[in-house]
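Student:
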Amino acid sequence: MELGPILSSLRRNKVGATLIALQIALTLAVLCNALFIVEQQTALSRAPTGIADESNTFLISNQWIGGTADLAARVQTDLASLRALPQAVDVTVSPGQPLGGRGMGMNVTLHPGKKRSGALTTVFPVDDHALNALGLRLISGRNFRPEEILTAHGFGDNYSSWGSMIVTRELARKLDPGGNVLGRTASLGRITAIIIGVVDQLAPGRVAANSATAENSILVPLLWADSNIFYLVRAKPGQVAAAMVAARDGLYKISRQRTIVSTQTFADARLDFYRGARGVALLMSIICAILLGVTAFGIIGLTSYWVSQRRRQIGIRRALGATAGSILRYFQMENLLIAGAGCVLGILLGLAANLWILQRIASARLPLAYLIAGTIIVLLLGQIAVLWPALRAAAVPPAIAARSS
Amino acid sequence: MFGYYFNLALRSLQRNIVLTALMIAAIGIGIGASMTMLTIFRAASGDPIPQKSAQLFVPQIDNFDPESKIAQSDDLLPVIVTYLDATEWMRSHIAVRQAAMYPITVSINPPDPARNPIQVDARATSGDFFPMFDVPFKFGGPWSRAEDASHASVVVLTRALNDLLFGGANSVGRNLTVGDKTYRVMGVLDEWQPTPRFYDLGRGSYSGQDQLFLPFTRAIDEQMPTVAGLNCEQRTGPGTGWDGLLHSNCVWIRFWVELPTARDAANYQTFLHNYAAEQQQRGRFHWPPRVALRNVTQWLSYNHVVPTAVETLTSVSFALLLVCILNAIGLMLAKFMASTGVISVRRALGASRPAIFAQFMVEAGVIGLVGGLVGLGLTQLGLMSCRAVLQKDLSVLMQLHSNDVLVALAVSLAATLLAALYPTWRALQVQPASQLKTQ
């Protein structure tokens with residue numbers, strides 16, 4: 340394939356070619372960043388919580404009406420009745436709500452004297468049924484024993500020690516680089532607790548893709564006797580709907596001095612919690628699809644115009660012996676050259692856009708793979724878009740050279 | 004003359020219907036996408052209380068340690084304060100008005116005994132909250148500072164809750180069972196939903212609405228816990244349970260002050276600084292005073308109220324608009340250059356260059372207007388789909404205003420005319436009768 344004639348004809352159509360190259364460049368710059376954001380947001384909305392079976396585990400949001408004196412006993416009665424449900428596997432109680440944004444944040448450290456040590460963590464007060472109810476995987480150590488569970492009346496209890504606590508694997512790694520935390524005493528301000536177990540994962544829900552604290556959680560042995568609590572119930576597979584109804588009716592039968600605001604599976608809570616992230620991914624994909632469409636139609640429009648302008652020259656070339664195939668390849672090659680130039684500019688623009696995003700939010704650097712994927716998509720798009728006008732050009736009969744003038 | 008050019012434009016556009024459709028589609032899509040995102044952006048970034056946004060301030064104090072990472076704001080100052088600080092600040096009267104507040108949920112027994120208790124989102128706050136934020140009342144009014152001081156059992160309801168509980172009647176003076184206690188209705192609000200809900204930028208800051216308000220002091224007596232976040236570094240001070248929380252260094256209360264003049268603000272800044280210095284002297288803080296005072300506008304940007312996703316989507320949609328304009332330039336170039344024959348005939352028949360210029364500008368204008376109309380249709384479609392997929396939070400705000408229609412048409416027209424400049428200039432270069440020779 341001779342490049343010479345293509346280049347010299349492009350020189351005559353500088354503006355048109357530049358317009359297409361610019362469109363390609365912008366499209367590529369947006370596309371590779373958008374693909375990256377879509378990937379990040381999608382990964383975000385699928386980030387595991389550590390809850391084993393989200394669609395069969397649900398939470399009941401309960402608010403007590405009236406005095407707070409006998410709440411511990413009332414909670415124990417509720418728990419016993421919920422655990423007795425034939426549809427339930429296990430039940431725990433907590434003021435924290437994974438995938439709900441409600442929780443208590445504290446700094447935990449193994450070296451209380453040292454400044455800047457430790458990590459910010461989400462604290463989940465639970466009882467000894469939490470691991471089973473949420474299906475958390477214990478990777479070392481042990482679960483709480485029933486006698487270790489303390490009663491807490493809200494966040495203000497002035498315990499100097501919670502006795503024991505269970506941390507996530509990620510937090511263990513942050514507390515001690517070797518992850519060697521079992522049996523060690525951790526401090527949360529003035530409160531201490533001995534780490535007795537490590538669970539694989541418990542993430543309350545992420546607000547950003549790269550949140551450094553998302554995987555830092557601890558379970559502490561506190562039976563939460565306060566006015567607003569969540570019962571976290573794991574139902575037997577396939578019985579979640581029945582369990583939700585039975586749990587609600589059962590609780591109201593025990594006492595009507597309460598309001599049950601919502602019963603919701605964690606699968607639904609996840610949809611709500613990450614609605615924004617999924618929305619952004621979807622909108623970004625739609626805008627990208629439109630962008631690709633607009634660019635493709637731009638290429639089709641301009642190339643068609645060139646073809647119609649050059650009908651005579653094409654006819655002459657055909658008359659001089661060029662095959663239909665070589666005319667087709669001519670336009671494909673021409674598009675490849677323009678799109679290639681656009682891609683070089685587009686990669687630079689894309690990197691600049693990434694830097695701009697990096698400056699505004701703590702996002703990650705654009706991986707090379709997205710630039711490569713974007714370039715391939717854009718080049719392919721150019722080739723597909725140019726096909727129809729190029730085929731029309733190839734179909735120009737040689738006789739047209741002899742017809743006019 | 005304009006009528007004639009308009010006629011010519013319509014003929015010309017009809018002649019190459021595919022190119023015309025492509026151009027209109029390109030402009031329409033560009034306008035549609037950028038107007039959609041702009042509407043969302045504006046909704047997310049609007050000033051919720053324009054008449055007072057420079058007079059309302061949030062005081063902040065470094066309650067933890069400059070070294071600690073507990074507060075996750077940009078300058079590591081907590082955005083909420085302890086009960087200790089809130090009550091101390093309430094005691095000072097440097098600010099014209101001031102309010103401490105935190106979100107709660109309450110159970111209400113409707114007056115109609117046949118109905119089940121309901122739970123509503125509520126707010127424990129000070130009586131100053133209402134005049135400070137210019138909250139409109141339908142019936143009655145706010146409770147007084149005396150009632151704050153006496154821990155009175157009074158409530159203010161929103162109109163929606165009043166409709167639900169009392170069928171929209173004037174309920175001022177009537178009793179309401181909240182939890183297991185009886186409260187007296189002081190006032191009923193008129194429609195009021197500042198967006199974003201600047202006074203509490205927690206989760207749901209665009210859609211969350213407090214249905215009921217009751218005195219902060221009463222809520223503390225009733226030991227109503229906050230339903231938002233609570234951050235603690237360590238527990239200090241005596242007491243257990245609720246009392247322990249009140250004496251702890253856990254932050255959970257939002258605090259607002261009204262400072263009408265710059266001097267008031269400066270005075271308050273000094274007060275805050277002195278307060279922090281005093282706490283340091285008393286040994287509560289082991290670090291030099293670190294305080295801040297931010298007004299509504301500063302507060303919104305400090306809290307990154309506009310979701311970064313919305314910012315990114317808006318810039319992407321403008322990139323799309325740019326691609327659409329480039330596209331339109333290319334297509335117009337093709338279209339105008341295809342009519343060189345017509346131009347040269349008109350030029351040969353005596354049309355001046357300005358006349359040709361006017362003709363092509365009218366043609367571009369027609370494309371711009373039709374493209375703008377298509378764009379408005381697409382904007383409606385876009386907003387509808389965004390309402391379906393984005394946070395419920397934002398969707399309440401996504402309304403196209405009447406002057407948006409004018410903006411969209413103006414932008415579309417300007418973009419198309421701009422895009423038409425180069426192709427028109429090229430068309431002007433066509434020599435009279437140059438094309439006549441070959442035909």
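Protein chains in written order, with the working numbering: chain A, 340 to 744; chain B, 4 to 442. Even glycine gets a Cβ: it sits at the ideal position worked out from N, Cα and C. Because the structure is a prediction, the values reported are computed rather than measured.
1) Going along the chain, which residues of its own chain have a beta-carbon closer than 6 Å to the beta-carbon of residue 189 of chain B, five neighbours each way excluded?
2) Quick check: is the beta carbon of residue 432 of chain B nearer than 8 Å to any beta carbon in chain A?
3) So, residue 668 of chain A versus residue 735 of chain A, is the Cβ gap smaller than 8 Å?
4) Looking at chain B, is there any beta carbon in it that lies within less than 8 Å of the beta carbon of residue 465 of chain A?
5) Just checking: is the beta-carbon of residue 600 of chain A within a distance shorter than 8 Å of some beta-carbon in chain B?
6) Could you tell me whether any Cβ in chain A is nearer than 8 Å to the Cβ of residue 365 of chain B?
7) Check residue 548 of chain A in the structure and name its three-state DSSP category.
8) With a threshold of 16 other CB atoms inside 10 Å of the CB of residue 548 of chain A, please say whether the residue is buried or exposed.
9) Count the other CB atoms within 10 Å of the CB of residue 339 of chain B; is the residue buried (16 or more) or exposed (fewer)?
10) Once the 5 residues before and after residue 718 of chain A are set aside, which same chain residues still bring their CB inside 6 Å of it?
11) Residue 634 of chain A CB to nearest chain B CB: under 8 Å?
12) Throw me the rounded Cβ distance for the residue 586 of chain A and residue 399 of chain A pair, which I believe falls under 8 Å.
13) Distance, Cα to Cα, residue 503 of chain A vs residue 430 of chain A?
14) Going by DSSP, what residue range makes up the alpha helix (DSSP H) through residue 634 of chain A?
15) With a threshold of 16 other CB atoms inside 10 Å of the CB of residue 201 of chain B, please say whether the residue is buried or exposed.
16) Which residue wins for smallest C-alpha separation from residue 62 of chain B, given the options B:297, B:284, B:409, B:434?
17) Exposed or buried, residue 115 of chain B, counting other C-beta atoms within 10 Å across all chains shown (16 or more means buried)?
18) Between residue 291 of chain B and chain A, is the shortest Cβ-Cβ distance under 8 Å, so that the two count as touching?
19) Which value, in whole angstroms, describes the spacing of the CA atoms of residue 194 of chain B and residue 584 of chain A?
20) With 16 as the cutoff for other CB atoms within 10 Å, does residue 387 of chain B come out buried or exposed?
21) Restricting to Cα atoms, I'd like to know which of A:519, A:732, A:640, A:721 is closest to residue 665 of chain A.
22) Which residues does DSSP pair with residue 40 of chain B in a beta bridge?
23) Nearest chain B C-beta to residue 619 of chain A closer than 8 Å, yes or no?
24) Verify whether the separation of the beta carbon atoms of residue 358 of chain A and residue 329 of chain B is less than 8 Å.
25) Check whether the Cβ atoms of residue 121 of chain B and residue 371 of chain B lie closer than 8 Å to each other.
26) Going by DSSP in three states, residue 3 of chain B sits in which element: helix, strand or coil?
27) Sorted by chain position, which residues of the same chain lie with C-beta nearer than 6 Å to residue 513 of chain A's C-beta, five sequence neighbours on each side aside?
28) Taking only the alpha-carbon atoms, compute the straight-line gap between residue 689 of chain A and residue 632 of chain A and give it to the nearest angstrom.
29) Since residue 567 of chain A meets chain B, which of its residues come closer than 8 Å, beta carbon to beta carbon?
30) For residue 591 of chain A, count the other beta carbons within 10 Å of its own beta carbon; 16 or more makes it buried, fewer makes it exposed. Which is it?
31) Going residue by residue through the segment 395–422 of chain A, where are the continuous beta strand (DSSP E) segments of at least 3 residues, counting only ones entirely within it?
32) Does DSSP put residue 255 of chain B in a helix, a strand or coil?
33) Start and end of the alpha helix (DSSP H) containing residue 184 of chain B?
34) Check for me: the beta strand (DSSP E) holding residue 141 of chain B runs from which residue to which?
35) Tell me whether the beta-carbon of residue 437 of chain A lies closer than 8 Å to the beta-carbon of residue 636 of chain A.
Tutor: Checking against the coordinates, here is how it stands:
1) 143, 146, 157, 159
2) no
3) no
4) no
5) yes
6) no
7) Because residue 548 of chain A carries a pLDDT of 48, less than 50, the predicted location of this residue cannot be relied on, and the following value inherits that uncertainty. Note: residue 548 of chain A maps to coil in three-state DSSP.
8) Any reading at residue 548 of chain A must be qualified, since the residue scores a pLDDT of 48, below 50, and its modelled position is unreliable; no value is offered.
9) buried
10) 678
11) yes
12) 6 Å
13) 20 Å
14) 614–648
15) buried
16) B:297
17) exposed
18) no
19) 36 Å
20) exposed
21) A:732
22) None; residue 40 of chain B has no bridge partner.
23) yes
24) yes
25) no
26) The requested residue 3 of chain B is not part of the displayed model; chain B covers only 4 to 442.
27) 458
28) 19 Å
29) 108, 228, 230
30) exposed
31) 396–403
32) coil
33) Here residue 184 of chain B belongs to no alpha helix (DSSP H); instead the beta strand (DSSP E) covers 184–192.
34) 140–143
35) no
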